[in-house]
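Here's the structure we're looking at; comments come further down.
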Amino acid sequence: ELTTAMSDLGTTRDLFGDSHVALLRGVSVVGLAETESMCILDSMRTISYNWDAFEPLVEQIVYDGFASQGQISDLTGRTDELAVYLQNAVELYASDDESCELDPTHDQWNNLLNLAGKQRMLVQRISRLFFQVMKGIHVEASQVSFTTTKVTGDDSVRELIEGDIGSNVLSPPAQVIVEALLDLWHAWEDFNEKVTIYSTESNVDVETLSKVASDSIDCLDLANIATELYVDAVVVRDPSVRAHVLNLAGRQRMLIEKMGKEAVLLGLGADVTENVDNLMFSVQLFNQIHEDLLVGNESLGLEVTTDHCILQQMQVVWDLWVSYEGLILTAGQDQLNTDTAVLEAIDDEATPLFNAMNVAVGYYAVNLGVCTESFSTSEWEELIREVSHLSEWTQRIAKDLCLMSRGVNFTVHYAHLVDTIDRFSELLSKLRFGSTVDNLRAPPTDAVLNKIFAMVELWSSFIALIDTPVTSAESATIVDQVLLSSNSLLLGVDDLASLYVDGAWESDPQVNGTRILTAGRQLALIEQMTKEWACLGHPNMTQQALLMTVAKYEAAEGDLLNGASGSEGKYDIKATDEVSILVQMAAVASAWIAFQPHVTKEVTGDEDLQAVVQASDVLLSEMDIAVSLYKHPLDDERVPVNILSPMPFTGTTPFGFTLSISQMVAMEIINNGQILLPGYVLASETFDDQCDADYGQRQVLDKMASESWIALGGVSCAEVCKSTAGITDALRLPSLSYECASSEDLADTDIYPAFSRLGTSFRLAPSAVLELAPWAEWWEILVVSEPATDMVDLAKTYRSALEGGGLATSSLSAFADDFQAMQDMVQAVKNNKKRIVLVLGDEPFYQTLLCAAKVVDLSPGITWISMHSFRRSWWTRNNADLVALAPECTSNALSELLQGAINIAGLGVSLDQDRDTPLTCFPDHTSKTLSTLIETHLAEGFPSGADNAVDLPYTNIQGYGADGVCMIALMVREMLSRGYTLEQLYSPDKATYSEVISFMRTELAFEGVSGRIQLSGNELPGYLAITQVVGSESVVVGYVPPNSTGEVTIDYETISSSSWSAAPPDVEEGNTWVFTALAVVAASMLVACPLCVACIVKCWCRRAKDVEVEPAKGGA
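So in full-length UniProt numbering, spot 28 of the sequence shown is number 28, and the numbers just go up one at a time.
Shown next, in the form of structure tokens:
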């Protein structure tokens, strides 16, 4: 009776869920129409929300086979509550007077506008991906993304129609919006059905492609209609919502996808003329909207962007757009002849651009951005240098106007005037919006941005006053007013420059802001002296004022050369001791000697004016060079601290690509900050050790023989760690591995007494399997590995741990480079119906194992468990060697086999609750922010734009490079504080070396990217992460604590066994009559009653499911 009751409960649960969806979406075959009423949809939204909470309770009871008293009470209460909502819905379905009024909150309007705008983008994205498949552009990746986008698009439209309380999405607040969304849904369904069919065909003609393109625009038009209806509604009902901004900012996301689609269409030769026009219009529209978002457009309801963090994000968008636009225009020009590489680059760059714009949309929604990236020292210095140009140009404009009014080389100074006005306008715009090509970041603070706005107003009035006079007489009529206004402009620029200096000091005290600004202002003072001399006789243009300016110049020159103490530290000026600057300042002094006598005597005629101008030009030229040197001296007198960094960039575990970026990011922060090691600069020689023990050892020996090193940091392949640990200890070179977690031998302090590693040991990894085993009903584990001695030993160790926990184990092995042996091994797995497989090996071994599984047709649903660090989403990329070996081993095929797989490897970061603590070596960063910065450079290269970007990084070790650098830097700082010299650390005696090793292993503790760094023996205790493959991502489902006394934690809400299944049963010939009989009965009923057929088939399927459910969870 209990079994029957549970079966009935499960059936009723499924019937309710199916019926609920059917009511909302309709079932055409039985004449059930979709729900079209705004009021009913709102009522059904509440039911959906409560059912989503109710259904898992039922599921748990069905799964457990019994219900506790607490579960029954909970279910009863929820039943009563759900019944009330259902009754309301029934009444509305029976008689809907359409009298409901929905009043979205501010946040709900934002969510609706964002979601509607997102749907516009998805229409264009799925079109672009389809055409990419047709063109052969990143086919497998495009197919995967195509499928994902289809699912996302389905969910997005239905969420708009049905609402979602959990996501704070209201159902349509107006009946006209319901109708528009239903039209969109039908068009979206029809469009998806077509492109899904076409995507599987090998030769789709151009006419069909053109029709698909046309349908995509029809679908986009419907999405636009729905979005505009939302905009119209919110403008009337809640003007506080930034509807127009969200609409247009969101449209940018769509245009990115649309341009990509149009570029591929041109490559396919579809409607070339029309698509060229469409493409050019899309480019023009994107540029126009970007400008409108920044500067405002009253006719479109857009205000000026006034948040400095939003401007910084929009600079990121623009930088990505410049590259993307270039590719798009190339495709528009080359059309059918577009190089495949261009279209592939468009695909590669579309996602980063979209992501950046998506962040901006979120910021615009609340009119508040988040500044995610701090300014580098060089960026602060460049901003301060450039803003000083504005001071110089305010005086140059007035000077040129005075000279024009006197008729001195009118044509020349007229050209200078026009040029300076253009340069001032351009620089003011760059300071406002940023210009990456000029190393100028968007405003660092709101105070700076507000001052720039004030400067824009002053400048607008100023240039309106000048209005570019074309004769000497016209110039003379406006000189007095221009002189007065130029002084006001100069005061405004000085205030702006001071704000930059203040910001630099707060962000990075190492920036010599006041020193750079003082040098830059010398240029303005030179122009001011020339102006005052040329304009003598005009109001406030007196000999006394001129002499005061001369005195200011000379005093500032003395401050630059000799140094000066300000009222606060940020106003201090460091004395000039750099050789390159001193040499140039001598040249400036010579030019000053030639210039100064001219401006301290009376003007006697045009010849004197020309002589002063010529002398000032020479002085300006020399001082401009000096200013550049003050910003960035040619000679770096910091003492290098050299680190030897062997890393694997080739071989089976190419950790080096990830770790080297992390290391470079950390070294730049420490070197630029000059706080941790003032007067020193960390430098490294990074080379590929090929993950080869002999080669790595030889390279380390060669480099140690030719140069001195403070430490070896970076080695991360276990074979090389073992081969180099002994020689570095013998030669007294402190050695720190950034990974090397896969070998348990390296934990032995007797064998490796001076070795240290940051990678998290896998010693406790079997405890995760033991924790999961009862829940997953694992009774026997098959361990597979290569038959190499170390792997066989590791397999024995793990089997012993698992057997000690009550599990039965067995093992198989084969070399990855012997594909037949791998197939034979997998065939044994298949024959013996082993379904839980623990994989011990690196990525190539795992890929080959999966390929062998595909070739021997191993039934899907294997529970794969691995204990190794792998690249992010490694299964989504084809292995060319494997595909050449077995064409069926595509990434899609292997990904299908791998779904639900469990991996246990080092977490590599602090736990979430510990990630907001300032880091010891990087006090301006937390674990979260520095991880984000490292991730940015992994994606963009280091420095940004370099060709060393990492496509698939090892994300769980990406913090170790930074932590390794920090550890070495802290060691050096400590030893220097104890009185050792750098030379002694480069060539330590036995006692010094022992003291260094003791400090690193027993005393040193600090906050790092990967958590609290404090070695225990040879290794860093850390959490292991338990992750599960879901689609193209690895999802964290649990943790193994750093010690055996802690409890393994599993998120049973997240982990899923749905992809695991038992081996298929052997087919018994005696049962074939059942299927024959069923076929006869079904054929007869097909004529008599289609609905009965459906019922029988469903019951049969449910019976089959019930029969299989017991072993399907992952048992042997």
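Think of the CB as a built atom: it goes at the ideal place given N, C-alpha and C, for glycine as much as any other residue.
Can you grab the Cα-Cα spacing for the pair P239 / V84, in whole Å? 35 Å
Close Cβ partners of T929 (< 6 Å) along its chain, the five nearest in sequence each way excluded: none
Three-way DSSP call (helix, strand, coil) for T420 in this model: helix
Residue nearest to V1035 in terms of C-alpha spacing, selected from Q823, R872 and L976: Ranking Q823, R872 and L976 by Cα distance to V1035 puts R872 first.
If L343 and A263 are in contact, beta carbons under 8 Å, what's the gap, nearest whole angstrom? Yes, L343 and A263 are in contact; Cβ-Cβ is about 6 Å, under 8 Å.
Let me make sure I understand the geometry here. Which of S994, N671 and Y986 has the alpha-carbon closest to that of C966? Here the closest residue by C-alpha is N671.
Let me know if K574 comes out buried or exposed under the rule of 16 or more other beta-carbons within 10 Å of its beta-carbon. exposed
Beta-carbon proximity of K135 to G267, cut-off 8 Å: yes
Where R13 falls: helix, strand or coil (DSSP): helix
For a test of the three-state rule: what should DSSP assign to P640, helix, strand or coil? strand
Measuring alpha carbon to alpha carbon, tell me which of Y571, H632 and N114 ends up nearest H244. The option with the nearest alpha carbon to H244 is N114.
Pop quiz: G916 and T926 are said to be a contact at Cβ under 8 Å. What is the actual Cβ separation, rounded to whole angstroms? Here residue 916 is Asp; the residue named in the question, Gly, does not match the sequence. Sure, about 5 Å apart at Cβ, within 8 Å.
According to DSSP, simplified to helix, strand and coil, what is H632? coil
Looking at C-beta atoms only, is the number of pairs between the region 850–859 and the region 880–887 that lie closer than 8 Å three or more? yes
Report, in whole angstroms, the separation of the C-beta atoms of K261 and R128, which I expect to be a contact under 8 Å. The distance from the Cβ of K261 to that of R128 is about 4 Å, consistent with a contact at the 8 Å cut-off.
Given a cut-off of 8 Å on the beta-carbon distance, is the pair G117 and G250 in contact? yes
Compute the Euclidean distance between the alpha carbons of D309 and C535, then round it to the nearest angstrom. It should be noted that the sequence gives Cys, not Asp, for residue 309. When the Cα atoms are used, C309 and C535 turn out to be separated by approximately 43 Å.
Minimum C-alpha distance to D334 - residue among V276, Y364 and P988: V276
Boundaries of the beta strand (DSSP E) in which F755 is found, first to last residue: F755 to R757
What do you reckon, are the CB atoms on A626 and Q690 nearer than 8 Å? no
C-beta atoms of L181 and A226 nearer than 8 Å: Yes, Cβ-Cβ distance for L181 and A226 is below 8 Å.
What does W864 pair with, by DSSP beta-bridge criteria? According to DSSP, which records beta bridges pairwise, W864 is partnered with V837.
Figure out for me which residue from P646, G65 and Y1023 has the closest Cα to the Cα of G964. From the listed residues P646, G65 and Y1023, the smallest Cα separation to G964 is found for P646.
Cβ-based burial, E568 [other Cβ within 10 Å; buried from 16]: exposed
CB-CB under 8 Å to L523, same chain, minus the five flanking residues each way: which ones, in chain order? S388, H389, S391, E392, L620, M623, D624 and V627
Note down, in chain order, each residue of its chain lying with its Cβ closer than 6 Å to the Cβ of A564, except the 5 sequence neighbours on either side. I573
Name the DSSP bridge partner or partners of P646? In DSSP, P646 forms a bridge with F687.
Cα-Cα separation, I256 to S28: 37 Å
Thinking just about the alpha-carbon of each residue, which of A587, S580, T518 and I466 is nearest to the one in A555? The option with the nearest alpha carbon to A555 is T518.
List the endpoints of the continuous beta strand (DSSP E) containing S785. E780 to S785
Distance check for F433 and I197, CA to CA, integer angstroms please. Whole-angstrom Cα-Cα distance: 46 Å.
Cα-Cα separation between T4 and A89, rounded to whole angstroms: 31 Å
Can you have a look at M548 and say buried or exposed, based on whether 16 or more other CB atoms are within 10 angstroms of its CB? So M548 ends up on the exposed side.
Could you tell me which of M704, T11, Y680 and L644 sits nearest to D688, measuring between CA atoms? L644
Check this for me: beta carbons of Y1023 and E739, under 8 Å apart or not? no
Return the CA-CA distance between S994 and W380, expressed in angstroms with no decimal places. 42 Å
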